[in-house]
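**Q** Can you read through this structure? Questions will come right after.
Residue numbers (the UniProt record's numbering): 1 to 113.
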């Protein structure tokens, strides 16, 4: 089941893909994705420089790191709520996706504790 803005105990996940109960016999993963956006103004970098920027430098920008932390915090809350709703059957993988302007995207797999 793929759902956008799924309500989970008074919160909304950005995108969740939860395996249907009748498909649990297969090794398909449940997926949770949290999206964030950083404007060029927030980065203090113009679009051309951003396009040419090394990925590690891009990830190190303070505005990108702040949105990444927000995404991780949101994912932690939603993981807990989804586990409460679906129980131990979940094989949940979580990802944060941070769009930096319309030029770049930074993503990261977030490992559950």
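Note that CB positions come from ideal geometry on N, CA and C, so glycine has one too.
Going by other Cβ atoms of all chains shown within 10 Å of its Cβ, with 16 needed for buried, is residue 45 buried or exposed?
**A** Answer is buried; the Cβ neighbour count reaches 16.
**Q** Going by Cα to Cα distance, which pick from 77, 84, 89 is closest to residue 33?
**A** The option with the nearest alpha carbon to residue 33 is 77.
**Q** Closest to residue 58 by CA distance: which of 111, 106, 110, 97 is it?
**A** The shortest C-alpha separation from residue 58 is found at 106.
**Q** For residue 79, which residues from the same chain have a beta carbon less than 7 Å from its beta carbon, with the 5 sequence-adjacent residues on both sides left out?
**A** Here the set comprises 32, 92, 94, 112.
**Q** Is the beta carbon of residue 39 sitting closer than 8 Å to the one on residue 68?
**A** No, they are not a contact pair.
**Q** Among the candidates 82, 52, 109, 22, whose CA atom is the shortest distance from the CA of residue 71?
**A** Nearest C-alpha to residue 71: 109.
**Q** Can you grab the Cα-Cα spacing for the pair residue 17 / residue 28, in whole Å?
**A** Cα to Cα, the separation comes out at about 10 Å.
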